[in-house]
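Just so you know, we're using UniProt numbering here: the sequence shown kicks off at 1 and counts up by one.
Read the structure below first, then the notes.
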Amino acid sequence: NYIRSAYSMIYVFAAFNTILNVVGFLMQVVLMVSSLLSLYYLKNHSQFVGLGITYSLTISATLFGFLTSFIELEKNMIHAENIIIYLNQLKKDQDRFNPIETSRFFLNGDISFNDVKLNYHDSIDVFPKGLNLKIKRGTKIGICGRTGSGKSSLVKLLFQIVSPTIGTITIDDIDIKELHGNLSLTNILLNLLDLRCF
Numbered sequence: 001n002y003i004r005s006a007y008s009m010i011y012v013f014a015a016f017n018t019i020l021n022v023v024g025f026l027m028q029v030v031l032m033v034s035s036l037l038s039l040y041y042l043k044n045h046s047q048f049v050g051l052g053i054t055y056s057l058t059i060s061a062t063l064f065g066f067l068t069s070f071i072e073l074e075k076n077m078i079h080a081e082n083i084i085i086y087l088n089q090l091k092k093d094q095d096r097f098n099p100i101e102t103s104r105f106f107l108n109g110d111i112s113f114n115d116v117k118l119n120y121h122d123s124i125d126v127f128p129k130g131l132n133l134k135i136k137r138g139t140k141i142g143i144c145g146r147t148g149s150g151k152s153s154l155v156k157l158l159f160q161i162v163s164p165t166i167g168t169i170t171i172d173d174i175d176i177k178e179l180h181g182n183l184s185l186t187n188i189l190l191n192l193l194d195l196r197c198f
């Protein structure tokens with residue numbers, strides 16, 4: 001589904017680009033014909049006609065630049081909305097849970113995913129067979145997979161950015177839902193390749 005949505009965005013962008021090129025070409029033709037007619041019938045100065053034709057050639061690029069700027073603005077607004085949603089979720093977690101002393105957990109640091117399933121907006125389950133994984137303290141692991149296989153979702157679950165539909169995630173046999181959000185973040189390090197977190 002994620003790959004299909006990515007290709008859909010490419011197709012939509014290509015379609016808009018084609019439409020803009022056609023519209024720009026038609027506008028160029030209209031402006032050129034109008035300029036030539038004004039030169040012939042209205043006896044306008046040829047330099048103004050040439051200037052009009054020259055600027056008409058940049059219409060397609062201007063329209064494409066406007067579309068690109070609009071898309072970037074929309075993407076940045078979505079990032080801002082995601083940050084606001086995440087901050088509101090953190091506030092709800094702080095109001096719902098009482099801070100637990102650090103001495104009660106993270107003594108060993110074992111992380112376990114027990115029959116975890118996750119759905120994004122009623123889509124197909126990211127882990128259809130359920131994710132069962134145990135990571136021992138000091139263990140170095142690598143998670144590989146194609147796009148949309150759930151690598152990023154695994155990290156989001158661990159940081160409580162998203163909640164599992166079914167199953168539990170534990171650190172030292174304590175469900176992370178019982179942990180204070182800020183306390184979890186101070187004990188786990190996340191190093192992203194992408195500079196955008198949201």
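Where a beta carbon is used, it is the ideal one built from N, C-alpha and C, also for glycine.
- Task: Please determine, among L87, D110, N119, the residue with the shortest C-alpha to C-alpha distance to residue 200.
- Result: Here the chain has residues from 1 to 198 only, and residue 200 is not among them.
- Query: For I71, does the count of other Cβ atoms within 10 angstroms reach 16, so buried, or fall short, so exposed?
  - Reply: For the purposes of this step, residue 71 is identified with residue 71 of the sequence shown, where counting begins at 1. Exposed, because fewer than 16 other Cβ atoms sit within 10 Å of the Cβ of I71.
- Query: Does the distance from the C-beta atom of D172 to that of N119 stay below 7 Å?
  - Reply: Indexing the sequence shown from 1 puts residue 172 at position 172. Indexing the sequence shown from 1 puts residue 119 at position 119. In this structure, N119 does not lie closer than 7 Å to D172 by Cβ.
- Task: Locate the alpha helix (DSSP H) running through S112, then write down its first and last residues.
- Result: The residue you call residue 112 lines up with position 112 of the sequence shown. Looking at the DSSP string, S112 is not in any alpha helix (DSSP H); the run it does join, the beta strand (DSSP E), is 111–117.
- Task: Pull up the DSSP beta-bridge partners for L133, would you.
- Result: As a working mapping, residue 133 is identified with position 133 in the sequence shown. In the DSSP assignment, L133 forms a beta bridge with F113.
- Query: Which partner residues does I171 have in the DSSP bridge list?
  - Reply: As a working mapping, residue 171 is identified with position 171 in the sequence shown. Answer is I111, I174.
- Within the chosen definition, does the stretch 52–69 reach the stretch 20–40 through at least 3 CB pairs nearer than 8 Å? yes
- Give the single residue among F16, M32, K140 whose Cα lies nearest to the Cα of T68. Position 68 of the sequence shown holds residue 68. Here the closest residue by C-alpha is F16.
- Item | Helix, strand or coil at I83 according to DSSP, with G and I counted as helix | Position 83 of the sequence shown, counted from the start, is the residue given in the question as residue 83. For I83, the secondary structure class from DSSP, reduced to helix, strand or coil, is helix.
- Task: Count the other C-beta atoms from every protein chain shown that fall within 10 angstroms of the C-beta of L87, then say buried if there are 16 or more, exposed otherwise.
- Result: As a first step, residue 87 must be located in the sequence shown, where it is residue number 87. Exposed, by the Cβ-count rule.
- Task: Return the Cβ separation of V116 and I169 in integer angstroms, given the expectation that the two are a contact with Cβ distance under 8 Å.
- Result: The residue given as residue 116 occupies position 116 in the sequence shown. The residue given as residue 169 occupies position 169 in the sequence shown. Between I169 and V116 the Cβ distance is about 6 Å, and since that is below 8 Å, they are a contact.
- DSSP beta-bridge partners for I166? Taking the sequence shown and counting its residues from 1, the one referred to as residue 166 is at position 166. Answer by DSSP bridge pairing, in chain order: K117.
- Hey, F127 and G150: beta-carbon distance below 7 Å or not? In the sequence shown, residue 127 corresponds to position 127, counting from 1. In the sequence shown, residue 150 corresponds to position 150, counting from 1. In contact: F127 and G150 (Cβ atoms closer than 7 Å).
- Message: Going by C-alpha to C-alpha distance, which of P164, M32, K140, L158 sits closest to T54?
- Response: Here residue 54 refers to the residue found at position 54 when the sequence shown is read from its first residue. Comparing alpha carbon positions, the residue from P164, M32, K140, L158 closest to T54 is M32.
- Cβ shell of I135 (< 8 Å), same chain only, five flanking positions each side left out: The sequence position of residue 135 within the sequence shown is 135, counting from 1. Same-chain partners within the cutoff: D110, I111, S112, I141.
- Message: Tell me the DSSP secondary structure of T102 in three-state form.
- Response: Reading the sequence shown from its first residue, position 102 is the one you call residue 102. Residue placement at T102 is poorly supported in this model, since its pLDDT is 48, which falls under 50; the coordinates still yield a value, given next. T102 falls in the helix class under three-state DSSP.
- Message: Within 10 Å of its beta-carbon, does L179 have 16 or more other beta-carbons around it, so buried, or fewer, so exposed?
- Response: What you label residue 179 is simply residue 179 of the sequence shown in a count that begins at 1. Answer is buried; the Cβ neighbour count reaches 16.
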